[in-house]
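Just below is one structure, and these are the notes that go with it.
Numbering (our numbering), first residue to last: 71 to 464.
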């Protein structure tokens, strides 16, 4: 993973995004230091017999033990300050991952093919959607960069796995026994996930050879994100697949479930048609899945030009346009005014992770029905859409 480390001075990042990044990095670093110090304590126990009868050495060892114990106490206290959780939504892991894979394919090294294998069974994960997406994308990009060109293929497989207390012991992780969605990455064909083929994160980090500080910090950040979701990041054992594996606690989706658990308010249901305009495929998958669960019909457009053509070709058929502000070919600003020229009563909900509401003020003043700053919760989006439809057209 050779890209620069997080640029927290980036003015396009919101305060919430900066805080989430720092919290995740802090969680991962906290757990890493805790594991390292516990290993140091174990080495102290091993050499205690060797220094017996050497008063000076025994004194040094006792002082070292006290320092390690004090550091572990500090880390325990620090861990409580970074244990808070982000706002979360319950979404199907499969479309979320499909969107990440689609985005990653655009930047793969030449000659490397990326494929994804799903079990076909819905897997509901309670997550901070945008944060999890970006972290999975970072992991995929890093693995793709690290593979030699002759590898030819990177396969991503998703399995539903029942992890036992014994599995957690083998992996030396804090995962509670239960059902997990395991995303594992393979150089070439994928096999079913086996806990015995993996090393726990801290054991794997200790075995990394030739990694730089930026790579280590990215992995610590990723581990912090997955741990905040009740999961873990694992390494493949030497000579065995997978390269990496990510376990996230899931719940199987019931066949009679019509909406996600966080979206069970009947007032959020609808039957209108929404045109979703965004150049990020992984946004499509998660939002489309949620909107369709609520009863909406969804039409997709990958850029502003495509959106204008779809709207022009379907007069009266589209009830709302969800429009990202930054896109290639035709940005959200110009797209809005072209839509307005076609239909002065068009309803457009703006969104962006890089443009602020103040920056979009001229579009809002010209008649856009609202603005959502990314990242947002799916339930907040559902409520905003329903509120728009509950108001009469101008």
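Where a beta carbon is used, it is the ideal one built from N, C-alpha and C, also for glycine. Bear in mind the structure is a predicted one, so any value in this text is a computation, not a measurement.
Tell me the residue span of the beta strand (DSSP E) that contains residue i.
i, result
"residue 230", "223-233"
"residue 160", "159-162"
"residue 425", "From DSSP, residue 425 is part of no beta strand (DSSP E); its letter is neither H nor E."
"residue 306", "302-306"
"residue 193", "193-197"
"residue 443", "440-443"
"residue 186", "183-187"
With burial defined as no fewer than 16 other Cβ atoms inside 10 Å of the residue's Cβ, what is the status of residue i: buried or exposed?
i, result
"residue 432", "exposed"
"residue 250", "buried"
"residue 113", "exposed"
"residue 176", "exposed"
"residue 277", "exposed"
"residue 407", "exposed"
"residue 421", "buried"
"residue 363", "buried"
"residue 390", "buried"
"residue 120", "exposed"
"residue 168", "buried"
What are the partner residues of residue i, as DSSP defines its beta bridges?
i, result
"residue 448", "Residue 448 pairs with nothing; no bridge assigned."
"residue 344", "368, 390"
"residue 131", "Paired residue(s): none; residue 131 is not in a bridge."
"residue 218", "DSSP output for residue 218 lists no bridge partner at all."
"residue 257", "224"
"residue 315", "254, 304"
"residue 93", "The partner list for residue 93 (beta bridge, DSSP) is empty, contrary to what the question assumes."
"residue 249", "232"
Hey, quick one: how far does the alpha helix (DSSP H) through residue i stretch, first residue to last?
i, result
"residue 381", "374-383"
"residue 488", "Nothing about residue 488 can be reported from this structure: the residues present for the chain run from 71 to 464 only."
"residue 297", "283-298"
"residue 407", "402-412"
On the three-state DSSP scale, how would you describe residue i?
i, result
"residue 271", "helix"
"residue 178", "coil"
"residue 321", "strand"
"residue 244", "coil"
"residue 207", "helix"
"residue 123", "coil"
"residue 138", "helix"
"residue 418", "strand"
"residue 339", "coil"
"residue 278", "coil"
"residue 396", "coil"
Leaving out five residues on either side along the sequence, give the residues of the same chain with a beta carbon under 6 Å from the beta carbon of residue i.
i, result
"residue 196", "158, 160"
"residue 142", "107"
"residue 341", "365"
"residue 164", "188"
"residue 258", "223"
If I measure Cβ to Cβ from residue i and keep anything under 8 Å in the same chain, skipping five residues before and after, which residues do I get?
i, result
"residue 462", "none"
"residue 145", "100, 103, 104, 107"
"residue 367", "341, 342, 343, 344"
Report all residues from its chain with a CB closer than 7 Å to the CB of residue i; omit the five preceding and five following residues, and keep chain order.
i, result
"residue 97", "152, 294, 297, 298"
"residue 444", "200, 421, 422, 423"
Between residue i and the ligand MG, is the CB less than 6 Å from at least one heavy atom?
i, result
"residue 416", "The ligand MG is absent from the structure shown, which contains no ligands of any kind."
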